[in-house]
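The structure appears right after this line, and notes come after that.
Numbering (UniProt numbering), first residue to last: 1 to 536.
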């Protein structure tokens, strides 16, 4: 396979060198036509779309691919026997862009085009950000106008739902609005030199996520939406088809896998940190006590409880998200023959982490009592509200509504005494909220995002972007939410599973994401409390 690729590249380069000789060009001499190409006015920017996989539309090869700037199609090579050359002769399309070198060429004459008016095209293909630009992203709310005439806010951009990938879109949009993570991936130099083992495909996830992040925040887009096609192809490949474009998935499962995969691809391990753990990782104490089998006689149970293996043990664990458990939904209707949709305050289900509340966990042969207490809060904390329950027959969705405040959620009481003395800021505000509408196995996803520059909330569902009132967020059944603390660079993400839109209501702001606590995640972005901004 590798040899075949090399031969293909060699043949193509030989063809291009042959053409250069025939037209009298050399490597050191600039063709006088380069700065006076008569075909620049034939470029059609409205058909240019660089979001899709860079492969030839005829040979399906990734090598030496050129984009026709008149029709937008991709072709391989520019030698006399190449697909791009034949296309230029057959359809009189003359201006092409090399998608790798970012150089423009005129075919079939085969000379390089040098013109500053084409810089907007190369910027759309490969956006770049300076440190000054990144630093000012959250300080203003300037609207930008795309080439198609629509206005948009960078970062508040719709993602194309190719078929059934909205579950991944909302997670990618939530993560793109977490400033430390966003700033890291906007600068390619931050991860360009990370070394990976030969043949490792996981780093493709990092590259594609960085490219998607830069497209979402590009202030010079030709259109006000982005297609995550290349990003999702990397997800399908790296997850070994666990997550697909054509099949609906669970946003929580995807978030859990994506964060851990991203951490590993960036060179992170259990001991070595990455941008993922710096932003999302906290720690907790887990108190675990083994229980005797419930069918044993009482005397035998008492005897077992005196043994060492049945004594409570304490361990330290890190987490990327926390799972919150909902109370059991009611089975019966009220006197009006309507099913009651119960409500629960966020702090009631957060009590799981106060160090006192115990919960029984069952395995196929042993039972344990566990209680949890937080020892460190991450800059961004992800919560998961366990709303879906699976059994051997079906998946059931708990419609319980979680009432949550959008700002000033204080988690101090869930920290150990030592942590309370060291953690100066423990208050969070909501920044993003992922909502699931419909049945457990079907339905669709949408996300609420706070734009830091304007202070306004926006709802994004596929390509649709609308502004909403913050009061409306508390009427939605959140699935994933992200909130930050008031400290500099301290944010809290939250993930909450939801039910039908008609049953939507307030949900909580922050929960951590813990690999040790299960795959259900509550994620969303939060920003600094308005009352505490002056402190930072």
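Glycine is no exception: its CB is placed at the ideal position from the N, C-alpha and C atoms. Note that the structure is predicted; figures quoted are calculated from it, not measured.
- The residue from 224, 70 and 156 with its alpha-carbon nearest to that of residue 448 is 156.
- The beta carbon of residue 71 sits closer than 8 Å to the beta carbons of 44, 47, 91 and 93 from its chain, once the five residues preceding and following it are set aside; these are given in chain order.
- Per DSSP, reduced to three states, the secondary structure at residue 345 is strand.
- Rounded to whole angstroms, residue 82 and residue 106 show a C-alpha spacing of 14 Å.
- Cβ contact annotation for residue 125 (same chain, cutoff 6 Å, sequence separation greater than five): 50, in chain order.
- Between residue 404 and residue 395, the C-beta spacing is not below 8 Å.
- Going by DSSP, residue 282 is part of the beta strand (DSSP E) stretching over 282–291.
- Non-local beta-carbon contacts of residue 329 in its own chain, meaning distances under 7 Å to residues more than five positions away in sequence, involve 342, 398, 399 and 400 in chain order.
- Around the beta-carbon of residue 442, fewer than 16 other beta-carbon atoms lie within 10 Å, marking it exposed.
- When only Cα atoms are considered, residue 455 and residue 194 end up about 36 Å apart.
- Leaving aside the five residues that flank residue 114 on each side, the residues in its chain whose CB is nearer than 8 Å to its CB run, in chain order, 30, 34, 35 and 104.
- Proximity to residue 356 across 288, 144 and 242 peaks at 288, based on C-alpha coordinates.
- Here the stretch 275–282 makes contact with the stretch 377–385; the two share three or more CB pairs at distances below 8 Å.
- Residue 167 is positioned such that its CB atom lies no closer than 8 Å to that of residue 295.
- Around the CB of residue 314, fewer than 16 other CB atoms lie within 10 Å, so the residue is classed as exposed.
- Ranked by Cα distance from residue 208, the first of 200, 196 and 185 is 185.
- If you check the CB distance, residue 373 and residue 348 do not come in under 8 Å.
- The secondary-structure analysis by DSSP pairs residue 367 across a beta bridge with 291 and 362.
- Counting along the chain, residue 265 sits inside the alpha helix (DSSP H) bounded by residues 251–265.
- Here the alpha carbons of residue 264 and residue 62 stand approximately 26 Å from one another.
- Residue 383 is positioned such that its CB atom lies no closer than 8 Å to that of residue 450.
- Residue range 203–216 is occupied by the alpha helix (DSSP H) that includes residue 213.
- Counting of Cβ neighbours within 10 angstroms places residue 406 among the buried residues, the total reaching 16 or more.
- Judged by their CB atoms, residue 220 and residue 129 are not nearer to each other than the 8 Å cut-off.
- In terms of CA proximity to residue 98, 112 leads the group 112, 87, 89 and 108.
- Counting only unbroken stretches of 4 or more residues, no alpha helix (DSSP H) element lies wholly within the stretch 429–453.
- Looking at the DSSP output, residue 158 sits in a beta bridge with 225.
- Look at the beta carbons and you see the stretch 146–166 touching the stretch 219–237: at least three pairs across the two are nearer than 8 Å.
- Residue nearest to residue 408 within the set 421, 427 and 420 is 427 (criterion: CA-CA distance).
- With distances taken between CA atoms, residue 117 lies nearest to 40 out of 268, 143, 40 and 410.
- Exclusion of the five residues before and after residue 344 leaves 326, 327, 400, 401, 402 and 403 as the residues of its chain whose Cβ lies within less than 8 Å of its Cβ.
- In this model, residue 359 and residue 385 are separated by some 16 Å (Cα to Cα).
- Residue state for residue 354 is assigned as strand, using DSSP reduced to three classes.
- In the three-state DSSP reduction, residue 400 falls in the coil class, being neither helix nor strand.
- Assignment of beta-bridge partners to residue 98 by DSSP yields 66.
- Going by DSSP, residue 465 is part of the beta strand (DSSP E) stretching over 464–468.
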